[in-house]
Ligand code: PMP
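Residue numbers (the UniProt record's numbering): 29 to 405.
Below is the structure:
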């Protein structure tokens, strides 16, 4: 086992700076955000033209890449921290420990900076360099571990749990474990914010919502909220290859085949965030559509999205848009479907926008992506 005791956390800040403006000094509400916490959420819905045209539906992406930490996970990070504060578990100068594919860690590190905490992030070595660089830049202490399955005690999630216990014992200001997979503060963020935003932005005219599962917080929280508003709304899961959730919904077995280069998604178990809310409808949950999306189907969607519509998105967004198209085909023309634009493609430039990497994985890429074909005319 890796020894958690070897991880040194930086000294806690000596002074917690609270810089909120006095209510009397605040200017009006027209697009003004009162600092970091207030900047999370309320993202726009963006019409995806090509996906809409191909299906005869209205397909929208919720622009989560516009959150201050650059991903959908800022919402979960903020709720995990607020929940720990409300329960009295997090004291000024305390340490937030988390196992993450990167985005939750980035969100936590930034929330921590804004609220006077430290972060220690455990991340599988296989995750993109860009996310690791951002984590270090944000001030997180990074612990890179081999990418091993959940059942292995050195899996990044389990490792981070042990590390949190260790730091809580030795750090005078204490430590908490974010535990994003099983901590339901995660899905609560989407139940209280993302879901209502989608309902309001579509004026209640949404017919379907679909996204992939990492922790399951997004699909469970949004799905539960929308189903309560209108039980006819289809709630879908788009599963990347190598994940078990499609087979779980289809036949209640946790089996997978194939692989995907997408990061932050691809689950092999029923997480605490999926329990209850994110189960299939027959078991009392809100999920009533599921599909698998291959990288071969998904990646061309984001290459075209960049070239034809101007949005540079990451790999999980590719799976999400692929899923939205499948749900649109199931519902038929004339329906309104929402999915999640999780984060920017620049976070994976060395992978999904790198021809050598794609070639090494035997994946398709458009000619224009090859630097040898650069347009100099
Ligand atoms: N996309 C990306 C890029 C992510 O980092 C994550 C979270 N790990 C997800 C999608 C999935 O979101 P959730 O954890 O809410 O299922």
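Every residue gets a Cβ at the ideal spot worked out from N, C-alpha and C, and that includes glycine. All figures in this text were calculated on a predicted structure; none of them were measured in a lab.
Quick one: is residue 218 buried, meaning 16 or more other Cβ sit within 10 Å of its Cβ, or exposed? Numbered from its first residue, the chain shown carries residue 218 at position 190. Flag for residue 218 reads buried.
Does the stretch 340-349 come close enough to the stretch 362-377 to have 3 or more Cβ pairs within less than 8 Å? yes
For residue 396, count neighbouring C-beta atoms within 10 Å of its own C-beta (all shown protein chains included) and say buried if the count is 16 or more, exposed if not. In the chain shown, the residue the question calls residue 396 occupies position 368. Taking all protein chains in view, the Cβ of residue 396 is surrounded by fewer than 16 other Cβ atoms within 10 Å, so the residue is classified as exposed.
At a threshold of 6 Å, does residue 266 count as lining the ligand PMP (C-beta to nearest heavy atom)? Position 238 of the chain shown, counting from 1, holds the residue named residue 266. No, Cβ of residue 266 sits at least 6 Å from all heavy atoms of the ligand PMP.
Taking the alpha carbon of residue 241 as the point to measure from, which residue in 269, 108, 381 and 398 has its own alpha carbon closest? If you number the chain shown from 1, residue 241 lands on position 213. Sorting 269, 108, 381 and 398 by C-alpha distance to the C-alpha of residue 241 places 269 at the top.
So residue 75 is in the beta strand (DSSP E); what residue range does that whole segment cover? In the chain shown, counting from the first residue as 1, residue 75 sits at position 47. Where residue 75 is concerned, the enclosing beta strand (DSSP E) starts and stops at 73-75.
Give the single residue among 263, 265, 284 and 266 whose Cα lies nearest to the Cα of residue 272. Residue mapping note: residue 272 aligns to position 244 of the chain shown, counting from 1. Closest option to residue 272, Cα to Cα, is 284.
With which residues is residue 90 paired in a DSSP beta bridge? As a working mapping, residue 90 is identified with position 62 in the chain shown. Residue 90 pairs with 73 and 368.
Unbroken stretches of the beta strand (DSSP E), 3 residues or longer, contained in the stretch 214-276: 236-239 and 262-268
Restricting to runs no shorter than 3 residues, where is the beta strand (DSSP E) found entirely within the stretch 298-357? Taken in chain order, the unbroken stretches of beta strand (DSSP E) that lie wholly in the stretch 298-357 and span 3 residues or more are 317-321.
Can you tell me whether residue 54 is buried or exposed, with buried defined as 16 or more other CB within 10 angstroms of its CB? Taking the first residue of the chain shown as position 1, residue 54 is located at position 26. It is exposed - the Cβ of residue 54 has fewer than 16 other Cβ atoms within 10 Å.
Cβ of residue 246 within 6 Å of any heavy atom in the ligand PMP? By one-based count along the chain shown, residue 246 stands at place 218. Within the cutoff, so yes.
For the alpha helix (DSSP H) containing residue 192, list its first residue and its last residue. In the chain shown, counting from the first residue as 1, residue 192 sits at position 164. Residue 192 -> alpha helix (DSSP H) spans 184-198.
Span separating the alpha-carbon of residue 204 from that of residue 186: On the chain shown, position 176 is the one that residue 204 refers to. On the chain shown, position 158 is the one that residue 186 refers to. Answer to the nearest angstrom: the Cα atoms are 14 Å apart.
Comparing the CB of residue 292 with every heavy atom of the ligand PMP, is any distance shorter than 6 Å? Here residue 292 is taken as the residue at index 264 of the chain shown, counted from 1. Yes, the beta carbon of residue 292 sits closer than 6 Å to at least one heavy atom of the ligand PMP.
What are the boundary residues of the alpha helix (DSSP H) that includes residue 133? Residue mapping note: residue 133 aligns to position 105 of the chain shown, counting from 1. First-last of the alpha helix (DSSP H) with residue 133: 131-143.
Span separating the alpha-carbon of residue 357 from that of residue 170: Working through the chain shown from its first residue, we reach residue 357 at position 329. Working through the chain shown from its first residue, we reach residue 170 at position 142. C-alpha separation (whole angstroms): 43 Å.
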